[in-house]
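Data first, discussion second: the structure below is written as structure tokens.
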Amino acid sequence: MKLQKLAFIALFTAFTGVYAQQVKKVDKMPVFVGCEQFKTNDEVKKCFNATFNQAIANEIEFFSNIADYLHIGDTSSKLRFKIDKDGNFGDINVDGANPIFNSFVWSSIVLIQNKLNQLDAKIQPGLDQKAIPMDVFMTIPVRYDSEYDETIYSSFPAYERVLFTIDFEDEIIEIRLNKDNVIRTIGINKNDRNFYLGKYNNLFELATVEPYATKINESFTSGNTLITKGKLDGKEYIIQMKNFFSNKPDDKVLIEVIREENDTWAEYYSYKTKEEFNQSKFATLTYR
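Here the sequence shown is numbered in my numbering, starting from 1 and rising by one per residue.
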């Protein structure tokens, strides 16, 4: 399996909201954890770039584990956030063409903040000309470079693919990603009637709405996410992904295909790469 790369370039825009028709000027840039020894703004920015970019890369390296399953090629997002007066991240905004990649970029900031909190470590906030802490806004383009041939994605054999499925007693809800990079939720009742429920810009937005929030949290806790169920050659199979929502580099993502019979696994297949799964006969069960 070829490796994918994540590329980051940090561009610092030092400004705050308008107060009394004036824009405060940053006299000292925020200092990221580990950069305290540097004094000049140029040194601080250079260290911030290197340290923060590596922290981002560590968090969203996981994205490459599912990009080939979803047939995601090269993509990019623009990450905007502020370092507030207390040295915390805030006003996070991610703008990009692919909602799944946007979700991982967004979550990377949340995870970095959580780790800083656990370590009781603080980013030193930016200071104005009176050495008073101030909000500083920053912009970072984040680019994902796939080493797969782009034709793999343009020739994908279906308009939509099931990302994961929420299984209820009377119906299921499929979360799908289509070729236009739109996340759509589709309800399917016992009579196989499909009905459109809504669309979302990213997984973070989806995870704030019930019943998705509870089910995503359950998948995160258990490590198992139902992708879909379907029949091949008259037999019904369950397709699930392990560690889809973990976002931890050490957790290996696996796609498992299971056929149950007499309460046992009559058939079991495990795919360590999504490229391998996509070449299997079971991949067609995820097409819509």
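By construction, the Cβ of each residue, glycine as well, lies at the ideal position given by its N, Cα and C atoms.
The beta carbons of I83 and P141 sit no closer together than 8 angstroms. M241 is bridged by DSSP to T225, I255. In the three-state reduction of the DSSP assignment, E171 falls in the strand class, which pools E and B.
Its Cα nearest to that of L177, the residue K199 stands out among K199, K190, R193, F195.
A residue is called buried when at least 16 other Cβ atoms come within 10 angstroms of its Cβ; T228 meets this threshold and is buried.
Within the same chain, and ignoring the five residues on either side of Y159 in sequence, the residues whose Cβ sits closer than 6 angstroms to its Cβ are N178, K179. Here T185 is near L197, since their CB atoms are less than 8 angstroms apart.
Here K45 is near M29, since their CB atoms are less than 8 angstroms apart. D128 and N202 have their alpha carbons spaced roughly 35 angstroms apart. DSSP places K235 within a strand segment (E or B) once states are collapsed to three.
In the three-state reduction of the DSSP assignment, Y144 falls in the strand class. Residue pairing by DSSP puts N178 in a beta bridge opposite E160. Within the same chain, Cβ atoms closer than 7 angstroms to the Cβ of G34 are found at T51, the five residues on either side in sequence being excluded.
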